[in-house]
Structures are given as structure tokens and as C-alpha cells.
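The next block holds one structure in the form of C-alpha cells; read it before the comments.
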Amino acid sequence: MPAAPAVKVAVISGGSSGIGLACARCLLARGYQVVLLARVMDKLHSARAELGPDFAASVELIPTDVDDPASCQAAIEAVTHRYGHIDWLITSAGIVEPGMFLDLDLATHRAQMETNYFGTLHLIQAVVPVMRPMGGRITLVSSGAAFLGIVGYSAYAPSKFAVRALAEILRLELEPEGIAISVAFPPDTETPQLARERQSRPPVTRLIAEQGGTMTADQVAERIISRAEKGAFILAPSGPVAFLARCHSLYGRLFAWQQRRLLKRFGPQRASSR
């Protein structure tokens, strides 16, 4: 494999806030040139300002809609044209809209699959040809909800299950190409998205989610980055998620039983009960 260029370049989707922005902070501290991708340019400018003046010259902003493969291709081409290579892609863009299955329309299901899964896929398809000559690293961001069925996440969890499956396959297929794959499973993380999500969680979902605890975005990002650098495939930032990563098949029946008990306790979970 040819020697790596002097400037290390990382591209992060969902980079204007939350885990994506926190990952940018970690990589900037490690000497990376960071390119932040997000839909809204004003939010990207705010993100760069939040990272501070010391890193302003090391942060590039590209407005990108991950739902649109052409937008993703254009972003990757722009980065490649400027730097000639990409060392690390982190696919952190994602959305979540919880709700009971009977309350969610098809558009809600499609939107979460489009952004969480296809948004991840679009960027990876664009970046792999760039990485193949010199190798690289891709970190997919899934969720702790990707291990077990959780009441209230019939639209969100399948999209994150799909990200997990994609990562497992890419790990096998891209390893011979010199591309290291890892997949992160964050627990509830204190971000603007979590604050919005909490407002629409059905009561039973809220109770289940609270059992797993929360972490800050900086804590999650540091553990994701440090474990990926050590070559780990599964990036589980918290103890409960690490347990699920190892034991979800064994724990699944007990967890389903616990959820059935909660559903009986709360009764019908409809939109009117939120």
C-alpha cells in the first residue's frame, strides 16, 4: 500500500450537530482535516464556529442531502478534487421519529429508511472508489436499537438494523481492498435530536429507553474514534450496549417478555396518549 499523504482527511455526515460534530472535534484534535456534511449551510457555519477559531482553517463545509445520491457523489468528488484522497468517512446523519406502529404512516417509515440506511449507502458507494488505491476507514453509525425489537421504533429500528447488516457485509468484502469497516451503536445521546425525539416517544417507549441511560455526544464520539483507531469492528460506547452486542440473541426473549408486561401495564399506546 502506498504511503499515506501527510494531511489526513475525514468526511463526516450529520456533521452540524450531535455525534457527528463531536466526532469532528475528536478528529481535529488528532490532526485531521475535517469536512462536515449536512443539509443546511447555516447550521454548518454554526458548527464550525462551535469548534472554535483554532480549528477554523481545518474545517470545510459542504451542504449535502444524504437522501440524494447525486448530492453525496458531488460532495465526495469535491473533497477528492481538493485533497486527492479521503482517509476516514463517518456516516452520522440520521433521523428518528418514534411512535406506535398503528400511528405511523408509510411516509414516516420511508423517511427514516431513506436517511438512515440509504443516506449511509449513498456516501459509501461514492467514497469506496476513492479509498481503494490507498485504503481508508469507514465508520457507520447505527444504534443500540439495532440489536433488539423495541416497542415504538417500528420505523427507526429497521433502518438501523439495515445499517448493521451492511457493515457486517462490507467488513468482509472491503477488507481485501484495504478499507477498514467499523460500526457504532450509540445509546441515547444528549443531542438536539434526542431532545426532539423525547417529545414524541410513547410512554412505554420512554420507560424502556430510560433503562439504558444516556451519554454526552463527546463521550460517545471519543469512544467511537478511539476504538475504531484500535481496529475494533463493533463500537459500543456504553456498558449496556456492549452487553447487547455480545448477548442480544440470549437476552431477546427476556426483553420481549419485559416489554409485553409494560404494554399490559400501559394499555393501548395511541397517539392520543402522548
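For the sequence shown, our numbering gives the first residue as 37, with consecutive numbering after it. Note that the Cβ used here is the ideal one computed from N, Cα and C, for glycine as well. Remember, it's a predicted structure, so these values are computed and weren't measured experimentally.
CB contact flag (residue i, residue j, <7 angstroms)
{"i": "A264", "j": "T175", "result": "yes"}
{"i": "L63", "j": "A46", "result": "yes"}
{"i": "F137", "j": "S190", "result": "yes"}
{"i": "Q255", "j": "Y192", "result": "no"}
{"i": "V70", "j": "A60", "result": "yes"}
{"i": "T151", "j": "D104", "result": "no"}
{"i": "F183", "j": "S218", "result": "no"}
{"i": "Y153", "j": "S195", "result": "yes"}
{"i": "S128", "j": "V163", "result": "no"}
{"i": "A257", "j": "F221", "result": "no"}
{"i": "G54", "j": "Q229", "result": "yes"}
{"i": "G248", "j": "P223", "result": "yes"}
{"i": "F302", "j": "P212", "result": "no"}
Residue i Cβ short of 6 angstroms to the ligand FMN heavy atom set
{"i": "G188", "result": "Among the components modelled here there is no ligand, and therefore nothing to report on the ligand FMN."}
Closest Cα partner of residue i within the set the options
{"i": "T100", "options": "R296, P194, S52 and M251", "result": "S52"}
{"i": "L125", "options": "G171, D103 and A83", "result": "G171"}
{"i": "S179", "options": "L280, D90 and G303", "result": "L280"}
{"i": "M77", "options": "E96, A65 and D90", "result": "E96"}
{"i": "P169", "options": "D103, H121 and S274", "result": "H121"}
{"i": "T156", "options": "V199, E133 and V166", "result": "V199"}
{"i": "S236", "options": "K196, E133, F221 and L87", "result": "E133"}
Assigned secondary structure, residue i (DSSP; H/G/I helix, E/B strand, else coil)
{"i": "L271", "result": "strand"}
{"i": "Q148", "result": "helix"}
{"i": "Y68", "result": "coil"}
{"i": "T250", "result": "strand"}
{"i": "I186", "result": "coil"}
{"i": "I260", "result": "helix"}
{"i": "T227", "result": "coil"}
{"i": "R173", "result": "strand"}
{"i": "G120", "result": "coil"}
{"i": "I215", "result": "strand"}
{"i": "I160", "result": "helix"}
{"i": "P276", "result": "helix"}
Exposed unless 16 or more other CB atoms sit within 10 angstroms - verdict on residue i
{"i": "A181", "result": "buried"}
{"i": "L286", "result": "exposed"}
{"i": "T252", "result": "exposed"}
{"i": "G50", "result": "buried"}
{"i": "H158", "result": "buried"}
Legend entry - the region 230-245 touching the region 193-205, judged by at least three CB pairs closer than 8 angstroms: no
Inset, instruction - Taking 8 angstroms as the threshold, find out whether the region 251-267 comes into contact with the region 275-295 through three or more Cβ pairs. - result: no
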